[in-house]
Amino acid sequence: MSNGLTAFPDLNAVATHLRDKLTEKNYILLFAYNGTGKTRLSMEFRGIGKNGEERDTLYFNAYTEDLFHWDNDLENDARRVLRLNRNSRFFGGLQELEMESRIGPLLARYADFNFLIDYAEWEVTFFRDYDESGDPVPIKVSRGEENIFVWCFFLAVAQLAIDGQEAYAWVKYIYSDDPISSLDDNNAIAVAAHLAGLLKEANGKIKTVISTHHALFFNVMWNALSERGKNNPLQPYFLSCDKGVGDYTMRYNGETPFFHHVALLKQLHDAVEADQLYTYHFNVLRSILEKTATFHGFPNFSACIKQDSDDEDGVLHARLINVLSHGNYSLFEPREMLEENKQYFRKILTDFMANYRFNPELFPEMNQEASA
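In structure tokens, the structure reads:
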């Protein structure tokens with residue numbers, strides 16, 4: 124292990140490592156780009172816990188979504204229902220546990236449609252309106268709405284496991300893989316906040332792995348589940364794969380937030396503190412300023428540069444960044460800045476950090492400098 128980076132020969136080894144880590148942590152948060160193998164990893168994790176008919180992992184992934192499939196009534200084109208796989212233990216005690224009353228309040232947070240479960244036929248009917256006889260008018264919901272329903276179904280089952288319900292007493296781990304793949308950012312934030320609240324109720328009784336490719340979802344989960352200090356219950360990782368040889372690597376992200384602009388600011392802050400400023404750092408600084416300007420609705424990054432009394436338009440610093448960020452600077456052969464440019468860089472960065480407030484726990488020295 125070097126610089127928080129650990130190599131694994133295959134996904135089974137990764138899954139074994141995650142299980143080992145969960146002996147000391149309550150949650151593992153895993154970021155990986157699509158195509159890395161997140162779904163396969165969730166199944167490897169589940170497979171390690173299989174012993175004959177025994178299981179220990181309640182999981183949400185693409186296979187969970189396949190437990191629900193549409194019957195579109197192609198013959199009559201009238202009664203479309205979502206059918207459930209009655210052979211899966213995921214639906215254990217379905218009728219006895221009154222799942223409608225458990226799923227309904229969860230679904231109401233995200234959607235404006237209703238549903239009915241036919242326990243005899245193992246099917247779900249969705250509707251928004253009633254006909255003249257007072258019967259629901261069946262509809263086919265969108266793919267995003269279907270995903271929300273399946274997710275709420277999963278949450279209801281997870282809540283039963285956390286509450287110690289007998290039908291789900293076998294659950295020792297919850298593994299959630301990309302629950303928000305079809306959701307917009309608003310719903311991604313809502314799902315993350317809701318999931319974090321549910322997991323905190325478990326208080327370590329059921330250990331959890333959450334994997335995602337969605338940066339916003341990852342960041343919200345991180346902020347919600349992480350606690351500073353040596354007893355932090357959360358372990359965050361970045362998973363990558365060398366497709367040429369099939370090896371996998373996981374990097375421990377430490378205390379640095381995943382959001383790129385915050386992580387980059389932390390990098391610049393540390394470079395200033397260590398007096399290890401290189402020419403390419405101007406490229407990084409410009410990127411942060413441009414993103415900040417876009418977020419705040421400014422047409423140019425120069426609007427985010429503090430204006431001095433003798434430099435009303437911030438022309439000098441804007442020109443410096445323009446010039447010094449356009450060089451072909453290599454990350455692999457870095458050249459240290461000239462001392463004069465270091466001074467300009469420190470001032471621009473310190474003023475930026477003072478004007479746009481970030482968590483002072485992440486940048487303690489920088490905040491002290493800014494307030495001096």
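Residues 124 to 495, numbered by my numbering, are exactly what the sequence shown covers, in order.
All C-beta atoms in this analysis are idealised placements derived from N, C-alpha and C, irrespective of residue type, glycine included.
Keep in mind it's a predicted model, so treat the numbers as computed, not measured.
R251 to I262 span [Cα, whole Å]: Against the sequence shown, residue 251 aligns to sequence position 128. Against the sequence shown, residue 262 aligns to sequence position 139. Spanning the two alpha carbons is a distance of roughly 8 Å.
Neighbour-count burial assignment, R169, 16 or more Cβ in a 10 Å radius: Numbered from its first residue, the sequence shown carries residue 169 at position 46. So R169 counts as buried.
Straight-line Cα distance separating F418 from T331: For the purposes of this step, residue 331 is taken as residue 208 along the sequence shown, with counting starting at 1. For the purposes of this step, residue 418 is taken as residue 295 along the sequence shown, with counting starting at 1. Straight-line Cα distance between these residues: approximately 34 Å.
9 Å Cβ cutoff met for A185 and T372: Your numbering for residue 185 matches position 62 in the sequence shown. Your numbering for residue 372 matches position 249 in the sequence shown. The answer is no: Cβ separation not under 9 Å.
Residues near L141 in its chain [Cβ-Cβ closer than 7 Å; skip 5 each side]: As a working mapping, residue 141 is identified with position 18 in the sequence shown. These residues qualify, in order along the chain: I151, F168 and V332.
Own chain residues within Cβ distance below 8 Å of Y479, not counting five before or after: Position 356 of the sequence shown, counted from the start, is the residue given in the question as residue 479. If we look at Y479 and ignore the five residues flanking it on each side, its Cβ neighbours are T415 and C427.
Proximity below 9 Å, CB of I226 to CB of F214: For the purposes of this step, residue 226 is taken as the residue at position 103 of the sequence shown. For the purposes of this step, residue 214 is taken as the residue at position 91 of the sequence shown. No, Cβ-Cβ distance for I226 and F214 is not below 9 Å.
Buried versus exposed, by CB contacts within 10 Å (16 or more), T146: Within the sequence shown, residue 146 is the residue found at index 23, counting from 1. Result: exposed.
Own chain, CB closer than 7 Å to G160, minus 5 neighbours either side, in chain order: The residue labelled residue 160 in the question sits at position 37 within the sequence shown. Within the same chain, G160 has close Cβ partners L134 and C364.
Sequence-distant residues of its chain with Cβ nearer than 7 Å to R209 (five each side left out): Within the sequence shown, residue 209 is the residue found at index 86, counting from 1. Excluding residues within five positions, the ones whose Cβ falls inside 7 Å are W245.
F236, DSSP secondary structure in three states: Residue 236 sits at position 113 when you count from the first residue of the sequence shown. If DSSP states are grouped into helix, strand and coil, F236 belongs with coil.
The stretch 192 to 204 / the stretch 385 to 404 touching (three or more Cβ pairs under 8 Å): no
Integer-rounded CB distance, given that A284 should sit under 8 Å from V294: Within the sequence shown, numbered from 1, the residue matching residue 294 stands at position 171. Within the sequence shown, numbered from 1, the residue matching residue 284 stands at position 161. Contact holds; Cβ gap of about 4 Å.
Beta-carbon contacts of A281 that lie in its chain and below 7 Å, excluding the five residues immediately before and after: Here residue 281 refers to the residue found at position 158 when the sequence shown is read from its first residue. These residues qualify, in order along the chain: L181, I297 and L321.
Beta-carbon separation (whole angstroms), V204 vs T162, contact threshold 8 Å: The residue you call residue 204 lines up with position 81 of the sequence shown. The residue you call residue 162 lines up with position 39 of the sequence shown. Incorrect: roughly 26 Å between the Cβ atoms, too far for contact.
Length at least 4, wholly inside the stretch 273 to 350: the alpha helix (DSSP H) runs in chain order: 308 to 325 and 338 to 348
Residue environment, A138, which counts as buried when at least 16 other CB atoms sit within 10 Å: Taking the first residue of the sequence shown as 1, we reach residue 138 at position 15. That one is buried.
Range of the contiguous alpha helix (DSSP H) that encloses E462: For the purposes of this step, residue 462 is taken as residue 339 along the sequence shown, with counting starting at 1. E462 to N478 is the span of the alpha helix (DSSP H), which, as asked, contains E462.
Closest by C-alpha distance to L318, when choosing among N354, A279 and K328: As a first step, residue 318 must be located in the sequence shown, where it is residue number 195. It is A279.
Cut-off 6 Å between Cβ atoms - residues of its own chain near L412, not counting five sequence neighbours on either side: Working through the sequence shown from its first residue, we reach residue 412 at position 289. Excluding positions up to five away in sequence, the list reads F424 and C427.
Limits of the alpha helix (DSSP H) - the one that L412 falls within: Locating residue 412 in the sequence shown gives position 289, counting from the first residue. H404 to H419 is the extent of the alpha helix (DSSP H) around L412.
Beta-carbon proximity check, L387 vs M476, cutoff 9 Å: Translated into the one-based positions of the sequence shown, residue 387 becomes position 264. Translated into the one-based positions of the sequence shown, residue 476 becomes position 353. Against a cut-off of 9 Å, the Cβ pair of M476 and L387 comes out as no contact.
Collapsed DSSP secondary structure at Y186 in the structure displayed: Taking the first residue of the sequence shown as position 1, residue 186 is located at position 63. Here Y186 sits in helix by DSSP.
Residues of its chain near G420, where Cβ-Cβ distance is below 6 Å and the 5 sequence neighbours each way are ignored: In the sequence shown, residue 420 corresponds to position 297, counting from 1. Excluding positions up to five away in sequence, the list is empty.
L217 vs C275 beta-carbon contact at 9 Å: Taking the first residue of the sequence shown as 1, we reach residue 217 at position 94. Taking the first residue of the sequence shown as 1, we reach residue 275 at position 152. Cβ distance not < 9 Å, so L217 and C275 don't count as in contact.
Opposing strand residues paired with S224 [DSSP bridges]: One-based indexing of the sequence shown puts residue 224 at position 101. Answer by DSSP bridge pairing: none, since S224 is not bridged.
Residues sharing a beta bridge with D241, DSSP: Translated into the one-based positions of the sequence shown, residue 241 becomes position 118. D241 pairs with E246.
Coarse secondary structure for H140, derived from DSSP in three states: For the purposes of this step, residue 140 is taken as residue 17 along the sequence shown, with counting starting at 1. In this structure, H140 counts as helix in the three-state DSSP scheme.
N174 burial status per 10 Å Cβ neighbour count (16 or more: buried): Residue 174 sits at position 51 when you count from the first residue of the sequence shown. With fewer than 16 Cβ atoms within 10 Å of its Cβ, N174 is classed as exposed.
Cβ-Cβ distance between L128 and Y375 below 9 Å: Translated into the one-based positions of the sequence shown, residue 128 becomes position 5. Translated into the one-based positions of the sequence shown, residue 375 becomes position 252. Cβ atoms of L128 and Y375: closer than 9 Å.
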